[in-house]
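To keep things clear, I will list the structure first and then write my remarks on it.
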Amino acid sequence: MNDQTSDTISKPRRGRIPDAEGAELVNMPKLEGTIPSITPQKRQGVFAMRGFILFSLLSVVTTGSSVGRDNLAPLFKSKTSVPDSYIIKLKDGNSSTSFESTLAPFTDNSHHVYEAAFKGFSATLDTAAIRHLRRHPDVEFIEQDAIFTINGFVEQKTAPWNLARISRRKRGSTSYVYDDSAGEGTCSYIIDTGIDASHPQFGGRAQNIKTFVNQTTDGNGHGTHLAGIVGSVIYGVAKKTKLYGVKCLDDQGSGTISNVIAAMDFVAKDAKTRKCPKGAMANMSLGGGYSAAVNKAAASLVASGVFVSVAGGGSNTDAKNTSPASEPTVCTVGASTEKDERATYSNYGAVVDIFAPGGSILSTWLNGTTNTISGSSMSAAHITGLGAYIAALEGSPGGEKLCKRLQELATKGVLTNVPLGTPNLLAFNGNPSG
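And the structure:
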């Protein structure tokens with residue numbers, strides 16, 4: 001599909017515009033998508049475990065000793081659990097301990113060590129190891145790894161209506177009105193399938209900086225499409241933001257929870273090293289069943305100052321049962337249509353913070369092309385871009401507060417088919433003439 005010409009653009013003056021204890025099994029909604037064969041990146045970060053109790057935890061397994069604990073640490077599982085792969089969440093406030101000699105037998109079994117998202121690690125562990133770790137007093141909970149997938153599906157219909165809609169109080173306009181700061185000074189992380197960084201629509205502002213799967217670039221298109229909504233020249237909300245691809249989903253659009261957490265952990269650390277004076281954003285248009293580990297990591301990423309926009313999901317169900325959408329501190333986004341309806345597939349509920357265009361969204365695709373996709377994935381990308389736009393224009397107040405600012409600006413009560421208890425807020429960029 002060929003690029004379409006840009007919308008007419010005018011520029012206004014700048015201005016401020018389950019019971020878990022001891023549980024062996026917790027049922028979670030079935031995750032969509034197929035489970036790929038993913039080889040973990042062994043030894044990654046194994047000997048860089050500053051501030052970790054990991055070595056002492058593993059010593060319990062190697063020695064077979066039991067340590068004092070009245071109740072077993074909770075063990076969470078889902079219907080799409082990855083066999084023998086687990087995420088160990090340590091309690092906050094543990095003192096730093098280094099036991100490298102004890103860790104050595106488990107080097108080949110460790111997948112990730114988490115430092116910024118939360119204190120913990122992921123590894124391949126057998127039943128005996130899990131039994132001992134559940135008795136360790138420093139373990140908060142254990143969650144079996146599972147599969148997360150992208151949200152969105154491909155359509156043929158195209159309509160560049162979405163940018164116009166977020167700069168107007170009423171639908172029907174064909175122009176996108178925005179301040180020429182356009183997200184300058186911000187960094188936007190696309191935690192997804194990667195980015196086609198060579199796409200001309202990105203103007204040299206995009207690059208892939210980290211991968212947690214076997215591929216290094218976007219072979220799916222989903223991440224490239226999201227990046228285009230966030231910050232491409234024609235299709236982007238924040239046309240001057242820097243775009244960083246963090247690949248934790250493979251080219252089939254699936255990835256493990258442990259890799260998703262590793263991606264969040266990476267962003268929390270990397271954002272502190274970048275020149276992003278107006279703030280850092282993270283787009284997470286992915287998800288699956290409820291995951292305590294994913295929610296903890298997302299909350300920590302927000303607490304680090306990163307604005308996190310999350311797709312609410314596309315199952316027409318309450319988003320409280322999905323992650324990371326159910327984490328209260330992220331900005332959870334539902335999908336709206338060109339007719340100002342809640343999209344029939346869009347999830348809903350009190351955890352949804354705001355709606356944004358999600359139906360028939362034209363954006364960048366692989367090999368310099370364009371494509372049209374619908375889904376709450378696209379909606380989240382609008383909010384990531386809008387977060388960057390407002391942060392550049394007004395200054396970023398930080399992760400959770402920026403979501404509240406977008407709620408303040410939002411057009412209220414215009415969407416139909418919004419269930420009772422779901423905020424009826426449609427994204428708006430504060431255009432004074434809107």
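Just so we're aligned: the sequence shown equals residues 1 to 434 in UniProt numbering.
Glycine included, every Cβ here is placed at the ideal spot set by N, Cα and C.
Taking buried to mean at least 16 other C-beta atoms within 10 Å of its own C-beta, is residue i buried or exposed?
{"i": "Gln144", "result": "buried"}
{"i": "Thr344", "result": "exposed"}
{"i": "Glu408", "result": "exposed"}
{"i": "Gly51", "result": "Interpretation of Gly51 is limited by its pLDDT of 36, a score under 50 that renders its predicted location unreliable; the figure taken from the coordinates is listed afterwards. The residue in question, Gly51, is exposed, as its Cβ has fewer than 16 Cβ neighbours within 10 Å."}
{"i": "Ser326", "result": "buried"}
{"i": "Leu425", "result": "buried"}
{"i": "Lys272", "result": "exposed"}
{"i": "Gly93", "result": "exposed"}
{"i": "Gly288", "result": "buried"}
{"i": "Leu163", "result": "buried"}
{"i": "Gly368", "result": "exposed"}
Tell me whether residue i, by its Cβ, gets closer than 7 Å to a heavy atom of the ligand GDP.
{"i": "Asp196", "result": "Inclusion of the ligand GDP in the displayed structure is not the case, the ligand content being empty and no account of it being possible."}
Is it the case that the Cβ atoms of residue i and residue j are separated by a distance below 8 Å?
{"i": "residue 448", "j": "Ile373", "result": "Residue 448 is absent from the structure shown; the chain starts at 1 and stops at 434."}
{"i": "Lys278", "j": "Gly395", "result": "yes"}
{"i": "Leu235", "j": "Thr364", "result": "Just to set this straight, residue 235 is Tyr in the shown sequence, not Leu. Cβ atoms of Tyr235 and Thr364: closer than 8 Å."}
{"i": "Thr416", "j": "Glu341", "result": "yes"}
{"i": "Met284", "j": "Val302", "result": "no"}
{"i": "Cys276", "j": "Cys331", "result": "no"}
{"i": "Ser376", "j": "Gly314", "result": "yes"}
{"i": "Asp353", "j": "Pro419", "result": "no"}
Which residue from the options puts its Cα closest to that of residue i?
{"i": "Tyr178", "options": "Ala238, Val139 and Asp251", "result": "Ala238"}
{"i": "Ser291", "options": "Ile88, Val308, Asp84 and Gly358", "result": "Ile88"}
{"i": "Gln252", "options": "Thr337, Asn347 and Ile147", "result": "Ile147"}
{"i": "Tyr389", "options": "Gly359, Ser181 and Asp318", "result": "Ser181"}
{"i": "Thr337", "options": "Pro397, Pro357 and Asn347", "result": "Pro357"}
{"i": "Val308", "options": "Pro397, Thr241 and Ala280", "result": "Ala280"}
{"i": "His111", "options": "Val352, Thr174 and Phe212", "result": "Phe212"}
{"i": "Thr186", "options": "Leu163, Gly287, Pro160 and Pro397", "result": "Pro397"}
{"i": "His199", "options": "Pro160, Gly359 and His225", "result": "His225"}
{"i": "Gly305", "options": "Asp270, Leu286 and Val333", "result": "Asp270"}
{"i": "Leu249", "options": "Gly221, Val233 and Thr241", "result": "Gly221"}
On the DSSP bridge assignment, give the partners of residue i in chain order.
{"i": "Gly253", "result": "None; Gly253 has no bridge partner."}
{"i": "Met281", "result": "Ser188 and Phe307"}
{"i": "Gly208", "result": "Just to set this straight, residue 208 is Asn in the shown sequence, not Gly. Bridge partners of Asn208: Gly245."}
{"i": "Ser78", "result": "Answer is none; Ser78 lacks a bridge partner."}
{"i": "Ile142", "result": "Leu75 and Ile88"}
{"i": "Pro357", "result": "Ser336"}
{"i": "Gly398", "result": "Note: Gly398 sits in no beta bridge, so no partner."}
Excluding sequence positions up to five away, which residues of its chain have a Cβ less than 7 Å from the Cβ of residue i?
{"i": "Val294", "result": "Ile257, Val260, Ile261, Ser323 and Pro324"}
{"i": "Phe266", "result": "Lys210 and Val246"}
{"i": "Ile229", "result": "Tyr235, Gly236, Val237, Ile361, Ser363, Met378, Ala381, His382 and Gly385"}
{"i": "Leu243", "result": "Ser188, Ile190, Ile195, Phe202, Arg205, Ala206, Ala227, Val230 and Gly231"}
{"i": "Ile298", "result": "The sequence given here places Ala at residue 298; Ile does not occur at that position. Closer than 7 Å at the Cβ level, and outside the excluded window around Ala298, lie Met264, Val308, Pro324, Glu327 and Val330."}
Output needed for residue i: all residues of its chain with C-beta closer than 6 Å, excluding positions within five of it in sequence on either side, in chain order.
{"i": "Thr5", "result": "Low confidence applies here, because Thr5 scores a pLDDT of 35, under 50, leaving its location unreliable; read the following figure in that light. Excluding positions up to five away in sequence, the list is empty."}
{"i": "Gly194", "result": "Asn208, Thr217, Asp218, Gly223, Gly245 and Lys247"}
{"i": "Met49", "result": "Residue confidence for Met49 is low, a pLDDT of 40 falling below 50, so the modelled location carries little weight; the figure read from the coordinates is stated next. Counting only Cβ-Cβ distances below 6 Å, and skipping sequence neighbours, we find Val113."}
{"i": "Arg14", "result": "Legend: pLDDT at Arg14 = 43, less than 50; position of this residue unreliable, no value from coordinates given."}
{"i": "Gly120", "result": "Ile88, Lys89, Leu90 and Tyr114"}
{"i": "Val61", "result": "Interpretation of Val61 is limited by its pLDDT of 48, a score under 50 that renders its predicted location unreliable; no figure is taken from the coordinates."}
{"i": "Leu125", "result": "Tyr86"}
{"i": "Lys296", "result": "Phe118"}
{"i": "Glu400", "result": "Val302 and Thr329"}
{"i": "Ser81", "result": "Gln144 and Ala146"}
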